[in-house]
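FYI, in mature numbering (1 follows the signal peptide of the UniProt record, and there is no 0) the residues of the sequence shown are -17 to -1, 1 to 511.
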Amino acid sequence: MLFVAPLFILSIPTAYLEETCDENCKFTDRYITPESMKNWPVTCKKVCGNIFINANTSLTEKQLKEKFNKLTALVGNIEIQYTDYQSLDFLGQKLNIYAGMNGVAIRLNANLTNASAIGSWTAKTWTRWHIYYNPKLDMTPFCDRALHTSNMDFNVYGNLKNCGCKNVRIGPSSLKSYSNCTSIDGGLQNGLFITQVNDTMDLSGLLKLKTITGRLEIYQTNLTNLSFLGNLETINMTLSEEMNIIDIWSNSKLTKLGFGSLKNLLPGTQKLRISFAFNNPALCITTNELQLLAEHSVELYMDPALNLCPDLNRKDGEKVCKFNDLESLEPDCQHVMGDVLVDSNNEKFAPNMGNVTNIYGSLMVKGTKELTSLDFLENLQQVANFTVDRNNPLIQINSNEKLQSVSFPNMKVSQMIQNETLSKIKKSFQFPLYPFSKDFQVIRIKDNTLEIFKDAEQCKKLEKSTKTEIEYNDKSCDHITPGGDEEQKTEDDSNIKSQDDPNTEPSKKSSGGCWNLSTTVLLLLYLL
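1. Is the Cβ-Cβ distance between residue 204 and residue 234 less than 8 Å?
2. Is residue 94 closer than 8 Å to residue 69 when the C-beta atoms are compared?
3. Measuring only the C-alpha atoms, how far is residue 409 from residue 310?
4. Between which residues of its own chain and residue 312 is the CB-CB distance below 8 Å, once the five residues before and five after are set aside?
5. Quick check on this structure: which residue in 79, 47, 19 has the alpha carbon closest to the alpha carbon of residue 29?
6. Measuring CB to CB, does residue 38 end up less than 8 Å from residue 71?
7. Taking DSSP as the reference, what is the three-state secondary structure of residue 69?
8. Comparing C-alpha positions only, which one of 365, 462, 383 sits nearest to residue 581?
9. Would you kindly work out how many angstroms separate the C-alpha atoms of residue 106 and residue 31, rounded to a whole number?
10. Please check if any C-beta of chain C sits within less than 8 Å of the C-beta of residue 424.
11. In terms of residues, what are the limits of the alpha helix (DSSP H) holding residue 13?
12. Out of 367, 465, 347, 213, state which residue places its alpha-carbon closest to the alpha-carbon of residue 341.
13. Nearest to residue 231 by alpha carbon, out of 215, 199, 155, 207?
14. Which whole-angstrom value is the C-beta distance of residue 165 and residue 144, which I expect to be below 8 Å?
15. Can you tell me whether DSSP reads residue 164 as helix, strand or coil?
16. Return the bridge partner residues of residue 246 from the DSSP annotation.
17. With a threshold of 6 Å on Cβ separation, who are the neighbours of residue 3 within its own chain once the five nearest residues in sequence on each side are excluded?
18. Should the segment 421 to 433 be called in touch with the segment 451 to 462, which here means at least 3 C-beta pairs below 8 Å?
19. Who are the Cβ neighbours of residue 373 in its own chain at under 7 Å, not counting the five residues just before and after it?
20. Under the DSSP definition of a beta bridge, which residues are partnered with residue 305?
21. Could you spell out where the beta strand (DSSP E) holding residue 454 opens and where it closes?
22. Measure the C-alpha to C-alpha separation of residue 414 and residue 277 and round it to an integer number of angstroms.
23. Give the straight-line distance between the Cα atoms of residue 358 and residue 339, rounded to the nearest whole angstrom.
24. So, is residue 76 buried or exposed, given that buried needs 16 or more other C-beta atoms within 10 angstroms?
25. What does a CB cutoff of less than 6 Å around residue 168 pick up in its chain, not counting 5 residues either side in sequence?
26. May I ask which residues mark the beginning and end of the alpha helix (DSSP H) holding residue 127?
27. If you scan the segment 164 to 222 from start to end, which runs of the beta strand (DSSP E) of 3 or more residues do you find wholly inside it?
28. Applying the criterion that 16 or more other CB atoms from any shown protein chain within 10 Å of the CB defines a buried residue, is residue 441 buried or exposed?
29. Among 267, 288, 96, 383, which residue has its Cα nearest to the Cα of residue 324?
30. Can you tell which of 53, 40, 138, 244 has the C-alpha that lies nearest to the C-alpha of residue 16?
31. Any idea if residue 124 is buried or exposed, counting beta-carbon neighbours within 10 angstroms, 16 or more meaning buried?
32. Per DSSP, residue 257 is paired with what?
33. Classify residue 387 as buried or exposed, calling it buried when 16 or more other Cβ atoms lie within 10 Å of its own Cβ.
34. Can you name the residues that DSSP bridges to residue 425?
35. In the DSSP assignment, the alpha helix (DSSP H) including residue 3 goes from what residue to what residue?
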């Protein structure tokens, strides 16, 4: 049985019709038939209404062409299906279309061979064009037009010749058409779209896919995972006008992704953003996937929030450990999942962190008695989490008795990608803390017994290397003076110092109850 994907034709809002069309240029009949065409406004160049043509139209191409002879603009949708027409020329070669989202459908026309009219039709509103199962139609001359036109989204398959791996939309009826794509080209606004599929369908053909030029959108499926995209390596949006590089929404059974090979996210004219919305609440991402987001500073939208998968295996073979306590942490761990705490009870096991490069959670060094430095974190490159909260920073170094300095030699901002896009150099940066936020992300260093920074420059050096604000004893780096003291000394501290110094002259002592010139004069007057 032939499966025909449901097509939802959207009506044009009435207010829009009234605003753009003359009252005498409206066509309200649902289908084109000999009877309804008596109502067609033959003298109007711009007509508001739908053109729905099917097997019951019972008009020849010549008759239709005579009726549509004046038409140059249609504010409405076009559907041509189950006909014996050989050409679409009856709608003219210069037609401006103001249609709804799924506003153009040309499907299941057994004898259609000439679609040259499509090459000159212009979409004035963003419209998806469904052109499929026309067994004699060659669509290849028109494929590139949709790639480079911002208002056209082609859904083309099942014709004599299609668009290959350009602008791919996968659903139950189109799935078999895309089993050999190693790369997909989505042009300005499109890419790979997957919907209405489930785990019982054969998606293994997509295991060949390595590169998507454009964006990836997966929505309204019953998939439990996306392992069929397990060999995808690159999503390149350098030519795209869209913001979201990945959209995954309304997948009620989705619990895992499976992007084990994905390592390159190339930004376009907008910053990188990935959206997860209305999926299964149990949906989790792996350390590989969270590291990918962090390395590319992806802006992440989640509703509901994502979880971190408990898997301890990575495709790159690097060791992943779950943090329970520092004593039991294996010394060869490179990736640690959980909130790492170093305190007086476990500080002697701090060297167990020596090989750790990534923490997925948070890091707190608090209340240690013997630690003098953070040398055991010399290989740490990044701390990542799903959310950012200034009240609970990802890194906190607090209340340590002998700690003399704070440094993270491998935790630096680095340039990930540089490519030429639209004659401009585009750069992507990896930030040591993820998610990156100038307003909310801080490293908190507070209430340590010894001076951590000798001056503001030391503090700012760490700030610069991590691209993160340093909050030192509840203040910014600018409040640190040479010697490590905070900028503002209290007047009482100054007075006490003056009183304790026997070499301080009376005239130079402060007036807070201590000798000064005024006090001496008053005493002499009293004695007289």
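Ideal Cβ positions, reconstructed from N, Cα and C, are used throughout, including at glycine.
Checking against the coordinates, here is how it stands:
1. yes
2. yes
3. Its pLDDT being 42, under 50, residue 409 is placed unreliably by the model, and nothing is read from it.
4. 304, 306, 319, 332, 335, 336
5. 79
6. no
7. coil
8. Outside the shown range of the chain, which is -17 to 511, sits residue 581, and nothing can be said about it.
9. 15 Å
10. Of the chains in the structure shown, none is chain C; there is only one protein chain.
11. From DSSP, residue 13 is part of no alpha helix (DSSP H); its letter is neither H nor E.
12. 367
13. 199
14. Not a contact, Cβ separation roughly 19 Å.
15. coil
16. None, per the DSSP bridge assignment.
17. 58
18. yes
19. 423, 425
20. 320
21. 452 to 455
22. 7 Å
23. 12 Å
24. exposed
25. 149, 196
26. 126 to 130
27. 166 to 168, 174 to 178, 194 to 196, 198 to 202, 217 to 219
28. buried
29. 383
30. 40
31. exposed
32. 229, 283
33. exposed
34. 452
35. -4 to 3
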